[in-house]
């Protein structure tokens, strides 16, 4: 518990309060870029909440792009859009597509390569490719139209 923090979370929804506490700790340098956040289990004990509530608080920070979930490692504080250590394959795929979008190689409104094409190009599984695409969608760079495919968002350059 950081100085000046109350031990208790009260009123309204609790998960935004967990997100705010963690956000404040990150801003204060308690969790510098590249560092691991406490596990869900540790947050459950600290805040005396359910695992679902702790997970929802962490999801707020993930959606803001402040942290990233690293399978097998935990949640890591982002470092200017990158992550600590060697990137996972999905991050490499997302980075490749992100750079193509920013460079204009994949212009606004352009259809993204199919999952199959991306799997072949990167030697990755379907789930890995989908995780990369999901990250780009969360960042607002691409959009999915059911039955039509994935497209570069018009306002994403």
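Numbering (the numbering used here), first residue to last: 302 to 458.
Virtual Cβ for every residue (Gly too), placed ideally from N, Cα, C.
This structure is a prediction, so every number in the text was calculated from the model and none was measured.
In the same chain as residue 408, and ignoring 5 residues on each side of it, the C-beta atoms closer than 7 Å to its own belong to 453, in chain order. The beta carbons of residue 379 and residue 398 sit no closer together than 8 Å. If you draw a straight line from the Cα of residue 422 to the Cα of residue 350, it is about 44 Å long. Where residue 373 is concerned, there is no enclosing beta strand (DSSP E), because DSSP gives it neither an H nor an E. Beyond the five residues adjoining it in sequence on each side, residue 416 comes within less than 8 Å, by CB distance, of 427, 430, 431, 434 in the same chain, given in chain order.
Assignment of residue 380 by DSSP, reduced to helix, strand and coil, places it in the strand class.
By the neighbour-count criterion, in which 16 or more other beta carbons inside 10 Å mark a residue as buried, residue 446 falls on the exposed side.
Classified as buried, residue 358 has 16 or more neighbouring CB atoms from the shown chains inside 10 Å of its CB. Selection 401, 361, 322, 455 evaluated against residue 441 yields 455 as nearest (Cα-Cα). Annotation for residue 394: the continuous alpha helix (DSSP H) segment containing it runs 390–404. In the same chain as residue 401, and ignoring 5 residues on each side of it, the C-beta atoms closer than 8 Å to its own belong to 407, in chain order.
Residue 361 is not a Cβ neighbour of residue 328, given a cutoff of 8 Å.
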